[in-house]
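Line order of the protein sequences matches chains W and F.
Quick note: the first sequence uses this note's numbering, first residue 1, plus one each step.
Quick note: the second sequence uses this note's numbering, first residue 99, plus one each step.
Even for Gly, the Cβ is constructed at its ideal location relative to N, Cα and C.
Report on the structure given below.
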Amino acid sequence: MKRLRTLGPTVCGVLMFLAPMATWAAGSEKQGKLVHVADTRNLAGFNLYIANLYNTNRLLFTLEAVLLTALMGLMLGLLMDWIVGLIGLDLSKREGKE
Amino acid sequence: MMELFTITLPISGVPINVLLLVLLGVAVGVLGGFFGMGGAWMVTPALNIFGFPMPFAVGTDLCHMAGKSIISTRRHAKFGNVDAKLGLTMLLFDVVGIEIGARLVMHLERFGLAGPVIRWVYVVFLFLIGSLVFFDYFKKRAMEKRGGSGGGEEASGIRWHETLHKISLPPIVSFPVAGVRCSMWLPAGVGLMVGVLAGFLGIGGGLLMMPALVYLIGCPTYVAVGTDLFTVMIAGFYGAFTYGMKGRIELLAVIIMLLGAAPGAQVGTIATKYIRGYGIRLMFGLTVACAMVSVVLKQLKLSEAASWMVMTAVSAMTLVVIVGMVKGAARELRAKRGLA
């Protein structure tokens, strides 16, 4: 246990020291585009709508993305509750054991 | 054949296999619901390996996680595993931390350093968290062998929270579901720290919040899982908003992954009903170790090996959880039939 106490922080220290060095040694990735524009030339339907919205109104795109995600989460959750309920499991309580 | 399912995503222009995204959603749903986290620590490297630029992987991840966490949180709340008061206290500071972390990422992106720096910070934290969980597990086992106080409803082999609860900076508050009474500044400080890291690494914070709730706040594992998912859900929505405004969300990928994550989240959450708290912690440690190795492989330019590592580890853990859930459910149904 005493050795473990010494070894643990030593290994962590070495890792913390090596990580930034290895990062620099690996070199940087290609620089990402700061302003990204979606290419709409080959798109249609929902994809075209989303890409156009992304290019023209970022706030509306963000709000639609967040609301659609929340709505899908709720609807899918209710659907799954109904399906699991059909199996007959008691999902109202759980025995807490560590 | 697989090319049939390959589509080009409308915003990032990345070609991706739909089946791969659905399977990733299922696996991350199962493991997220089981461990009490968004699962972004699996999704971000996986999406990056599939070809998403890192900032897009982070944003898409956060948005998908928010939707999936709604499903798991509802289920955990019905089990009585969610301490909303504790969750909201941590969340207030978590959100501030996420914004700081997200700004750091955008800053690094300007220098083209976002990918490697995020990956190495990941590695260090995965290593620390994995070591902590294993140390706790083996300490608990040693205590049980000696017949000490490790068994029963004791929350933890590591008991750092007992020292932290001695902080008497007012206001002192009670969190009844978690059974914790401490200075409000303890969950607030932990929330801020988790938030900065979560925003930087592009994770909802579950990976960090779950062990933080257990080891620093002193929650039982199940309450940590449920409360964690509650905070991940709200933090995920905030993360989705801020990354959306920065133009780094691929909405179509989010929708496809959610279709897989919905059934997965139910299975994972229900499995916590049948598997003991320390079993959850041990599996959590194993999964963290696998994730760490995969990120190291990616950084060493062994992308194919990293991809296999993520897929194998996630598939194996998902399978273990599904088998645990099915066995437990079968046992319960047999017992019900026996009583009838």
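* **Where Thr-40/W sits in the DSSP three-state scheme** => Along the first sequence, one-based indexing puts residue 40/W at 40. Here Thr-40/W sits in coil by DSSP.
* Work out the CA separation of Phe-177/F and Ala-22/W for me, nearest whole Å. => Within the first sequence, the letter at position 22 stands for residue 22/W. Within the second sequence, the letter at position 79 stands for residue 177/F. With a pLDDT of 40 at Ala-22/W, under the threshold of 50, the modelled position of that residue is not reliable, and the figure given next carries that caveat. Distance between Ala-22/W and Phe-177/F, taken at the CA atoms: about 45 Å.
* Asked: Touching or not, the region 178-187 of chain F and the region 311-330 of chain F, by the rule of three or more beta carbon pairs under 8 Å?
  -> Counting Cβ pairs under 8 Å, three or more are found: they touch.
* Smallest Cα separation from Val-292/F: which of Met-381/F, Ile-168/F, Ile-198/F, Met-407/F? -> Counting from 1 along the second sequence, the entry for residue 292/F is found at position 194. Among Met-381/F, Ile-168/F, Ile-198/F, Met-407/F, the Cα nearest to that of Val-292/F is on Ile-198/F.
* To do: Have a look at the DSSP bridge pairing and note the partners of Val-271/F.
  => The count along the second sequence starts at 1 and reaches residue 271/F at position 173. Paired residue(s): Cys-280/F.
* **For Ala-212/F, the nearest candidate out of Tyr-220/F, Val-203/F, Trp-218/F, Val-219/F (CA to CA)** => Indexing the second sequence from 1 puts residue 212/F at position 114. Nearest C-alpha to Ala-212/F: Val-203/F.
* **Any C-beta of chain W under 7 Å from that of Cys-388/F** => Translated into positions along the second sequence, residue 388/F becomes position 290. It does not: the Cβ of Cys-388/F has no partner Cβ on chain W nearer than 7 Å.
* Asked: Distance, Cα to Cα, Lys-237/F vs Ile-256/F?
  -> Here residue 237/F is taken as the residue at index 139 of the second sequence, counted from 1. Here residue 256/F is taken as the residue at index 158 of the second sequence, counted from 1. Near 8 Å, if we compare the C-alpha coordinates of Ile-256/F and Lys-237/F.
* To do: Kindly indicate which three-state DSSP category Thr-370/F falls into: helix, strand or coil?
  => Start at 1 with the first residue of the second sequence, and residue 370/F comes out as number 272. Coil, per DSSP.
* At 7 Å on the CB atoms, spell out the chain F contacts of Asn-47/W, in chain order. => As a first step, residue 47/W must be located in the first sequence, where it is residue number 47. By Cβ distance, chain F contributes Pro-108, Leu-350.
* Between the region 152-177 of chain F and chain W, which residues of the former have a C-beta closer than 8 Å to a C-beta of the latter? -> Along the region 152-177 of chain F, the positions whose C-beta sits under 8 Å from a C-beta of chain W are Met-152, Pro-153, Cys-161, His-162, Ala-164, Gly-165, Lys-166, Ser-167, Ile-168, Ile-169, Arg-172, Arg-173, Lys-176, Phe-177, read in chain order.
* **Cβ contact check for the region 348-362 of chain F and the region 183-195 of chain F: 3 or more pairs under 8 Å** => With the cut-off at 8 Å, the region 348-362 of chain F and the region 183-195 of chain F do not touch.
* Own chain residues within Cβ distance below 7 Å of Leu-60/W, not counting five before or after -> Working through the first sequence from its first residue, we reach residue 60/W at position 60. Excluding sequence neighbours, Leu-60/W sits near Leu-53.
* Asked: Asn-91/F by DSSP, collapsed to three states: which one?
  -> The requested residue 91/F does not occur in the structure, where chain F is confined to residues 99 to 438.
* To do: Note down, in chain order, every chain F residue with its Cβ under 7 Å from the Cβ of Arg-58/W.
  => As a first step, residue 58/W must be located in the first sequence, where it is residue number 58. Going along chain F in sequence order, the residues near Arg-58/W (Cβ under 7 Å) are Met-343, Gly-345.
* Asked: Expressed to the nearest angstrom, what Euclidean distance is found between the alpha-carbon atoms of Phe-46/W and Leu-349/F?
  -> As a first step, residue 46/W must be located in the first sequence, where it is residue number 46. As a first step, residue 349/F must be located in the second sequence, where it is residue number 251. Cα to Cα, Phe-46/W sits roughly 11 Å from Leu-349/F.
* **Contact set for Met-423/F: own chain, Cβ-Cβ below 6 Å, skip 5 residues either direction** => Taking the first residue of the second sequence as position 1, residue 423/F is located at position 325. Closer than 6 Å at Cβ, skipping near neighbours: Val-365, Ile-368, Ala-369.
* Kindly confirm or deny that the region 218-227 of chain F and the region 390-399 of chain F touch, where touching means at least three C-beta pairs closer than 8 Å. => Enough Cβ pairs lie closer than 8 Å, so yes.
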